[in-house]
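The structure appears below as structure tokens.
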Amino acid sequence: MHELAITEGIIKIASEVAEKNKAKKVLNIKIKCGDFSGVVPSLIQEYFDIVSKGTIVEGAKLIIDRVPIRIYCFECQSESEIQRSQICCPKCGAYKYKMISGKEFFVESLEVE
Amino acid sequence: MEIKVVKQIMGWNEDCSNEIKKELDEKKVFMINIMGSPGAGKTSVIVELIKELSKDYKVAVIEGDITGQIDAEKISQMGILVVQLNTDGACHIEAMSIKNILNYFNLNDIDVLLIENIGNLVCPAEFNLGEDLKVAILSIPEGDDKVQKYPLMFSVANVLLLNKFDMRDYFEFDEEKVIKYAKGLNPELEVYRFSSRKEYDNKEFFNSIKEKIKNKLTR
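The listed protein sequences correspond, in order, to chains A and B. Sequential numbering from 483 applies to the first sequence in my numbering. Sequential numbering from -3 applies to the second sequence in my numbering.
Right under this line is the structure:
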């Protein structure tokens, strides 16, 4: 449901940056999206194509860079990559860890001309 | 040409929730965001919280629902100030809605503000509202696999209530498993067994909430 609001957020950020840099056209927008963030990237491009019509970012391609979930385990003191559904340390099976990456969700850069 | 940006996409919500937090800090209001599935017992927990907290504090409620005001009427009958927030289809409450609705309250005259979020284990977890405490409610009949299925909710919550605990034996609910997984995602999480019909960890839950309220209001 809120993928639409998120898309509007992306358009707002990208439009402001493009206008500030006096860009004529935005070719692509790079987005970092953590696997834990709960966002469905494939929906965003679809919304984007509709909502961006008539704006400076119309026609831009969204390049979504997924960030895997990485944890630091306090038990065996090692770093590992885990899946969203897997919630213990894959090396020692402990549940005491902190998430190092996977919650990111931001516009990283724009390719403009 | 490539332009570096690095700007949070959900930034608008974060900015707004920080403004709310600041205002509630100044006015010394403790805000609790109560989340859980439809039917998990959010309203019943709120009713119990009101009974307990209104002995010492002035309590008000924001009732979030997609449509209608069934819950708001229930709360209003208790003589508690309640404002209905209808999201008109949206699956969660955003900080901007809370900011607007705060205008309906005299914050100088409120100690505790309870928000009943939209019944949903997914989206509400993604939006900070400027609250002091996030309470996630998981009721026994929903099943003991929900932490694995909806990890974000249990990783952002400060308190997890295992509600309708009196139903445990009928549903073979493995609370050890739930606690193990939830604490794995979120080692700081406080977990309480709760029922509005029977005493489990109800007192511990109320005491923990009261302690947190007291800390903020006397700060």
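Beta carbons are placed, not taken as given, at the ideal position from N, Cα and C, and that holds for glycine.
With a contact defined as Cβ atoms closer than 8 Å, GLU112 (chain B) and ASP67 (chain B) qualify at about 6 Å. DSSP places CYS87 (chain B) outside both helix and strand once states are collapsed to three, so it counts as coil. Within the region 29 to 80 of chain B, the alpha helix (DSSP H) runs of at least 4 residues that lie entirely inside it are, in chain order, 38 to 49 and 66 to 72.
Nearest CB-CB separation between TYR554 (chain A) and chain B: not below the 8 Å threshold. If the five residues before and after TYR529 (chain A) are omitted, its C-beta is found closer than 7 Å to the C-beta atoms of GLU485, LEU486 and THR489, all from its own chain and listed in chain order. Under the three-state reduction of DSSP, ARG164 (chain B) is assigned to helix. At a cut-off of 8 Å between beta carbons, MET31 (chain B) makes no contact with chain A. A Cβ-Cβ distance of about 17 Å is found for the pair LYS17 (chain B) and ILE30 (chain B), leaving them out of contact under the 8 Å criterion. Taking all protein chains shown into account, MET(-3) (chain B) has fewer than 16 neighbouring C-beta atoms within 10 Å of its C-beta and is therefore exposed. With respect to the C-alpha of ASP52 (chain B), the residue from B:THR63, B:ASP107 and B:SER13 having the closest C-alpha is B:ASP107. According to the DSSP assignment, ASP21 (chain B) belongs to the alpha helix (DSSP H) that extends over 7 to 23.
The Cβ neighbour count for ASP128 (chain B), taken over all protein chains shown within 10 Å, is at least 16; the residue is labelled buried. Residues of chain A whose Cβ lies closer than 9 Å to the Cβ of PRO34 (chain B) do not exist; the shortest such Cβ separation is about 15 Å. C-alpha of LYS573 (chain A) to C-alpha of CYS558 (chain A): approximately 8 Å in a straight line. Note on geometry: alpha-carbon atoms of LYS0 (chain B) and MET6 (chain B) lie some 18 Å from one another. In the structure shown, ALA496 (chain A) falls within a helical segment according to DSSP collapsed to helix, strand and coil.
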